[in-house]
Ligand code: GLV
């Protein structure tokens, strides 16, 4: 008998077809409506594995509703939606999809950075509203990206991909990270390790690139925004909650920084309505990894993790190795 799996949200049909070769699949292809907690738990009750997205909460109570569950294979690199400790306690393997979305997410970070710097979204809204009566010397003056200073907070895979792109813009690159990266990597990227305070003070552009954890909750709040230049632009394509959104709205309103570019929000899909009242922010709805190629690679990698877990092999992207010795069989 094939193992039973649940795919919580619609994905590409070819991904589902591939999964069906090995598993009995329950999917959400038709409606793609997010399930209520109760419905998610009910559907999970007889499953051996699940492929959730980053917006499906997999907590202890949900795991308790799934006595046969052996693996939770997120179709996302971030995994703050999964209670890892609860998985480990129950011998359930958890995995994510690192690596395959780095360049795509770095591209989106750059799209937001450029849009915020050169006021692309704001100018388009103005043009669409029929305001354009003629050319003006000081129309939508922005800030230069080239030769400016980029401050990267979080120099992991995505941070490095962002730094590589910055070289093409002849930027000075500063970074801050929990741990300094190897000297050879610094050299290759042309990036200088500095304190958080120096980075905030000296950067023209700041990009946040780390997973969400309680330790980085409101890493950027009123105090950090106050350290930034009045011409600075901040970009977050990492996770909601790393920036204190209320403090950012206030700083943007008072023009204490120039602009922001945001792909992620506290409490998304709801977000602070103050962002809609300010023009100096470019907003997109959590689409950092949203290209067909990358979303396919993410789903395929999650499937590979699941196949390994359900056939007794150690999944390549295991997040909780402590669960391996006591895994459910
Ligand atoms: C997207 O946000 C991801 O974590 O993959």
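In my numbering, the protein residues as written are 386 to 714. Glycine is no exception: its CB is placed at the ideal position from the N, C-alpha and C atoms.
- Distances between the C-beta of residue 540 and the heavy atoms of the ligand GLV are all 8 Å or more.
- Not one heavy atom of the ligand GLV sits closer than 8 Å to the Cβ of residue 633.
- Every unbroken stretch of the beta strand (DSSP E) spanning 3 or more residues and falling wholly within the region 629-710 is given here in chain order: 644-647 and 666-668.
- The region 461-473 makes no contact with the region 573-592, as fewer than three CB pairs between them are under 8 Å.
- Relative to the ligand GLV, residue 580 has its C-beta separated by 8 Å or more from all heavy atoms.
- For the pair residue 623 and residue 539, the CB atoms are nearer than the 9 Å cut-off.
- For the pair residue 450 and residue 599, the Cα-to-Cα distance works out to about 26 Å.
- By the beta-carbon neighbour count (other beta carbons within 10 angstroms, threshold 16), residue 531 is exposed.
- Burial state of residue 525 is exposed, judged by a 10 Å Cβ sphere holding fewer than 16 other Cβ atoms.
- In the three-state scheme derived from DSSP, where H, G and I count as helix and E and B as strand, residue 525 is classed as coil.
- For the ligand GLV, no non-hydrogen atom lies closer than 8 Å to the CB of residue 491.
- With fewer than 16 neighbouring CB atoms inside 10 Å of its own CB, residue 568 falls in the exposed class.
- By the 16-neighbour rule on beta-carbons within 10 angstroms, residue 704 is buried.
- A distance below 7 Å between beta-carbons, with the five flanking residues on each side excluded, links residue 685 to the following residues of its chain, in chain order: 400.
- Residue environment for residue 690: buried (at least 16 other C-beta atoms within 10 angstroms of its C-beta).
- Pairing residue 712 with residue 688, the inter-Cα distance amounts to about 18 Å.
- For residue 536, the enclosing beta strand (DSSP E) begins and ends at 534-538.
- For the region 542-598, the continuous beta strand (DSSP E) assignments of 3+ residues that do not extend past its boundaries occur at 557-561, 576-578 and 590-593, in sequence order.
- Straight across, the Cα-Cα distance linking residue 528 with residue 589 is about 9 Å.
- DSSP places residue 618 inside the beta strand (DSSP E), whose first and last residues are 618-621.
- In chain order, the residues with a C-beta atom nearer than 5 Å to some heavy atom of the ligand GLV are 439, 461, 462 and 463.
- Under the criterion of beta carbons closer than 8 Å, residue 645 and residue 661 do not qualify as touching, at roughly 13 Å.
- DSSP lists 391 and 457 as the beta-bridge partner residues of residue 435.
- When the alpha-carbon of residue 464 is set against those of 455, 453, 480 and 452, the nearest one is in 480.
- Residue 451 carries a coil assignment under DSSP once its states are collapsed to helix, strand and coil.
- Separation of residue 489 and residue 678 (C-alpha to C-alpha, rounded to the nearest whole angstrom) is 9 Å.
- Closest option to residue 613, judged by alpha-carbon separation, among 666, 403 and 586: 586.
- Cα atoms of residue 501 and residue 702: separation of roughly 34 Å, rounded to the nearest angstrom.
- Looking only at 407, 397, 413 and 406, the smallest Cα-Cα distance to residue 391 is reached by 413.
- Spanning the alpha carbons of residue 521 and residue 664 requires a straight line of approximately 19 Å.
- With respect to the C-alpha of residue 606, the residue from 616, 431 and 642 having the closest C-alpha is 642.
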